[in-house]
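**Student:**
Numbering (the working numbering), first residue to last: 493 to 604.
#1: Give the C-beta separation of residue 583 and residue 552 to the nearest angstrom, bearing in mind that I take them to be a contact with Cβ-Cβ under 8 Å.
#2: Identify, in the order they occur along the chain, each residue of the same chain with its Cβ nearer than 8 Å to the Cβ of residue 502, setting aside the five sequence neighbours on each side.
#3: Which ranges does the alpha helix (DSSP H) cover as unbroken runs of at least 4 residues, wholly within the region 506-552, from first to last along the chain?
#4: Would you give the residue range spanned by the alpha helix (DSSP H) that residue 576 belongs to?
#5: Would residue 594 be called buried (16 or more neighbouring beta carbons within 10 Å of its own) or exposed?
#6: Under the rule that 16 or more other beta-carbon atoms within 10 Å means buried, what is residue 546, buried or exposed?
#7: Any idea if residue 539 is buried or exposed, counting beta-carbon neighbours within 10 angstroms, 16 or more meaning buried?
#8: Kindly list the residues whose CB is nearer than 6 Å to the CB of residue 493, restricted to its own chain and excluding five residues on each side of it in sequence; keep chain order.
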């Protein structure tokens, strides 16, 4: 019972836009990849945290590609990710520049 409550507290903090950045930095290092996934979705997470999480499990990286504040620089890296779902999500992000979208198309051509 204690473990479930602890996890729920972490999850709640990870997704709460009011969670301070210092706490999000700690949660971004959680042993639970699901917690890191929720941190990656938080709209108040820093670019530095998103950069770090962009090298995590593909599910966490997918959340980075979904974050409304992710930069084009990070998206440009993600359109070259080894997971096709991550690549597509990054290319479709509103923050993706035309260069990033073209890079995605070139990546698809290489994989096909």
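Glycine included, every Cβ here is placed at the ideal spot set by N, Cα and C.
Quick caveat: nothing in here was measured; it's all calculated off a predicted structure.
**Tutor:** This is what the structure holds:
#1: One-based indexing of the chain shown puts residue 583 at position 91. One-based indexing of the chain shown puts residue 552 at position 60. About 18 Å; that fails the 8 Å criterion.
#2: In the chain shown, residue 502 corresponds to position 10, counting from 1. Taking residue 502 as the centre and dropping the five residues before and after it, the same chain places the C-beta of 519, 522, 524, 527 closer than 8 Å to its C-beta, in chain order.
#3: Complete alpha helix (DSSP H) runs here, min 4: 513-519, 525-533, 539-545.
#4: Counted from its first residue, the chain shown places residue 576 at position 84. From DSSP, the alpha helix (DSSP H) with residue 576 extends over 576-584.
#5: Position 102 of the chain shown holds residue 594. Counting other Cβ atoms within 10 Å of its Cβ, residue 594 stays below 16 and is therefore classed as exposed.
#6: For this step, residue 546 is matched to residue 54 along the chain shown. So residue 546 counts as buried.
#7: Along the chain shown, read from residue 1 onward, the residue named residue 539 stands at position 47. So residue 539 counts as exposed.
#8: The sequence position of residue 493 within the chain shown is 1, counting from 1. For residue 493, the predicted model reports a pLDDT of 45, less than 50, meaning its position is unreliable and no value from the coordinates is stated.
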